[in-house]
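Structure below.
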């Protein structure tokens, strides 16, 4: 567990004190207009970032990456290689920061923990019957406990979309609260799987329920369905985070994940963050990018800014 | 600590780039070197640029820097007469005689040339008018081209626009346009006139003549027959001479209500046709069941788009009392993020005020709002030292009787009023001499329909604001004018039906 996260979770925030009710969450609920939301996201994506502002943004983006591998074929060798990339993304450029966390399946946690020992890179693990979440609450809780016991600093859980879409918000809420408790000191990221929630109204409602139930972060997607993170979905979630912060004083983090594969798009997410939640959220403690191929594209852009020329993909390690 | 651990730590790249600080976007300036603005522009009459009879020229500035851009001719009554004669000649000898499909061909050509030169025109528009490049690039110029394309489509199908009627042109149109959307207003005026078979004398605004003169160059390039469109520059006297010229058959004016009334008086008793598109004080109505965050964006876009120099700007926010607190809080936060500054920077949201005179008018009305006891919120953004600037502003605690709730400010200044019931919202919304546009924000469809029926406004936007399309008619009720521009309705004033 990194120093910064420990400080963050103990100062002024205890889950029990903040855990509230579904009814309170729904008090902040209101409609989201899809056309206007998409328009706003598109206009922010048109910001033109050059020179220092671009390099600064790209390096910050690297430091916010949850470098991820979530495959059935993951092995110790694969995740250790990924950890090495996480520690030093570009060996030729010492000014490129390390990533925020390495995100894996629970069975890989021990290997990652060992490989990252001595660094302040966090170990994140997906849990709770990822990606569908279609298993029993008791098993989700058990899986969370065991994963944390293995050394995970962060748990990425999925909500029960079946319960949510059938209107059983209480079940969704209670399950998040139970998993949060099982997390102990570990941070909880709650994946809404926005691609399955049909519209932005539901995204906002699910965001509010997750935050009121104890989420430290809310996250868009598993990366396992057709539609993953998008700029408008992320904007709708930022707005929910902003309203929750206004009412409770608590800052919730945000993690768009899936489909963020190039540097330009990563910068667009940062612009959206900066102009919605403001500079206070511009830290890996409160914003993450869930991605795998993004890192190399950013490295390529950074090297282009440094040397003035694009290098071929062969000059960036594939891990 | 084990050896591997130490090794790992040594390999570790640095921590995150310093966070929680302001992210200074480096300037991202649109290039201007490809834009050739002449040092002097003459009058465009009979297909040629000719010196004014007055032998006088006046300066036109870049309002963001107060630098001189060019000097343009000051047309006197004699020049107006020359232009009207050229238009009459072209009308009688060429334009009314050629086939409708031939007219369409020319209009299509103009539309395509505007598209081809869109970057060039956008930069010139921003330099002469002060509007952010992202607006001239994404709104003004594409819409101007779209208007020409749209009316080119109608030019050879007039019998379908007016089924079972004989359609004939009116004659010579005298058109006077404002400075807030210089090229776009020229397109709104010229395109339907040409499609209907008329010829034109157009006078752009005194402060923003450059893109209209560039449009004249496009007419030359398109080989539009000489005299079909004539462009004369000058101040109010030139406009007055144009609209009162005896050989003008149709007058179209967009601008202030005060000047509109003067024109209407001058034309009384003549056979001239008249359309007026004048001022506004549009209500933007936010109900408690609105999508609040998007409503805030709509309010921002409604009043700060083009520095509020928009006749249909949503300058009166009517917000239901139950959501007044979150809406004003969100507005305060949002105006702090508006980027005010160099209009040529692609990241600029709010540009320069168009002229010193306009800036002084805004300052006067804002001072009046403060005197009347309304609470003022202003963005704390830094304003450039040179040029004409006004920080985005809104007032709360404004009552219907305040001057800032009654008069058109035509600047980035919003008045916030509250209401309790839909009936009260309607009453306040309609309680104005104007009636150009209105906005309604609610997630309830039936309420949108009911409000749209009862609002006395030419355009009602639901859950959006400031959306324009050539297919959609635009125009006012009451002192906001009469006649419609855009859509098939926009052809009406330019044809004689029998």
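Protein chains in written order, with this note's numbering: chain X, 1 to 319; chain L, 1001 to 1498. Glycine included, each C-beta is placed from N, C-alpha and C at the ideal position. Quick caveat, the model's predicted, so the values are computed rather than measured.
Would you mind stating whether residue 62 of chain X and residue 96 of chain X have Cβ atoms separated by less than 8 Å?
yes
Host alpha helix (DSSP H) of residue 1127 of chain L (start-end)
1118–1129
Measure from the alpha carbon of residue 1274 of chain L to the alpha carbon of each residue in L:1047, L:1061, L:1057 and L:1483, then state which is nearest.
L:1483
If you run the structure through DSSP and keep just helix, strand and coil, what is residue 1041 of chain L?
Of the three classes helix, strand and coil, the one that applies to residue 1041 of chain L here is strand, per DSSP.
Give me the chain L residues within the contact set of residue 94 of chain X, using Cβ-Cβ distance strictly less than 8 Å, ordered along the chain.
1013 and 1014
Distance between residue 277 of chain X and residue 1339 of chain L (C-alpha atoms, nearest Å)
Taking the straight line from one Cα to the other gives about 16 Å.
Need the endpoints of the beta strand (DSSP E) that residue 298 of chain X sits in, please.
Unbroken run through residue 298 of chain X is the alpha helix (DSSP H), 294–307; no beta strand (DSSP E).
Quick check: the region 1429–1446 of chain L against the region 1468–1479 of chain L, are there 3 or more CB pairs under 8 Å?
yes
Beta-bridge partners of residue 66 of chain X, as assigned by DSSP
X:101 and X:290
Endpoints, beta strand (DSSP E) assigned at residue 1067 of chain L
1067–1073
Name the chain X residues that come within less than 9 Å of residue 1464 of chain L, Cβ to Cβ?
33, 35, 36 and 39
Would residue 268 of chain X and residue 297 of chain X qualify as a contact pair, given that the criterion is a beta-carbon distance under 8 Å?
no
Quick one, are the C-beta atoms of residue 197 of chain X and residue 215 of chain X less than 8 Å apart?
no
For the candidate residues X:118, X:193 and X:213, whose alpha-carbon lies nearest to that of residue 26 of chain X?
When each option's Cα is compared against that of residue 26 of chain X, the closest is X:213.
Among the residues of its own chain, which have a CB less than 7 Å from the CB of residue 1465 of chain L, if the five just before and after it don't count?
1284, 1298, 1301, 1302, 1314 and 1439
Excluding the 5 residues flanking residue 217 of chain X on each side, which residues of the same chain have their C-beta closer than 6 Å to its C-beta?
Only residues of its own chain outside the window of five on either side were considered, and among them 189, 253 and 255 have a CB closer than 6 Å to the CB of residue 217 of chain X, listed in chain order.
I believe residue 123 of chain X touches residue 152 of chain X by the beta-carbon criterion, under 8 Å. Please report the beta-carbon distance rounded to the nearest angstrom.
5 Å
Anything in chain X within Cβ reach of residue 1024 of chain L, meaning under 9 Å, just list it in chain order.
The contacting residues are 52, 53 and 56.
For residue 253 of chain X, report the span of its beta strand (DSSP E) as first-last.
253–255
Proximal residues to residue 321 of chain X (C-beta, below 7 Å), its chain only, five neighbours per side dropped:
Because chain X in this structure spans residues 1 to 319, residue 321 of chain X falls outside the shown range and cannot be described.
Under 8 Å by beta carbon: chain L residues contacting residue 49 of chain X
Residues of chain L whose Cβ lies closer than 8 Å to the Cβ of residue 49 of chain X are, in chain order, 1025, 1026 and 1028.
Does the separation of the CB atoms of residue 1320 of chain L and residue 1372 of chain L fall below 8 Å?
no
Measure the alpha-carbon distance for residue 280 of chain X versus residue 236 of chain X and round it to whole angstroms.
18 Å
By how many angstroms is the C-alpha of residue 289 of chain X removed from the C-alpha of residue 1025 of chain L?
21 Å
In this structure, does DSSP put residue 1488 of chain L in helix, strand or coil?
helix
For residue 1358 of chain L, report the span of its alpha helix (DSSP H) as first-last.
1356–1371
Drop a sphere of 10 angstroms on the beta-carbon of residue 1198 of chain L, count the other beta-carbons inside from all chains shown, and report buried for 16 or more, exposed for fewer.
buried
For residue 239 of chain X, the first and last residue of its enclosing alpha helix (DSSP H)
For residue 239 of chain X, the uninterrupted alpha helix (DSSP H) run begins and ends at 231–248, by DSSP.
Contacts around residue 1189 of chain L, its chain only, beta-carbon distance under 7 Å, and the 5 residues preceding and following it disregarded
1175, 1177, 1202 and 1252
Delimiting residues of the alpha helix (DSSP H) encompassing residue 1437 of chain L
Note, residue 1437 of chain L: premise wrong, no alpha helix (DSSP H); beta strand (DSSP E) at 1437–1441.
Check whether chain L comes within 8 Å of residue 158 of chain X, counting only Cβ atoms and requiring the distance to be less than that.
no
Would you check if there are 3 or more beta carbon pairs closer than 8 Å linking the region 1344–1359 of chain L to the region 1062–1080 of chain L?
yes
Candidates L:1271, L:1236, L:1272 and L:1249: which alpha carbon is nearest residue 1259 of chain L's?
L:1236
Given that a residue counts as buried once 16 or more other Cβ atoms are within 10 Å of its Cβ, and exposed if not, what is residue 135 of chain X?
Residue 135 of chain X should be labelled exposed.
Which partner residues does residue 1057 of chain L have in the DSSP bridge list?
For residue 1057 of chain L, which the question treats as bridged, DSSP gives the partners L:1073.
Unbroken beta strand (DSSP E) run spanning residue 1252 of chain L, endpoints
In the DSSP assignment, residue 1252 of chain L falls within the unbroken beta strand (DSSP E) covering 1250–1254.
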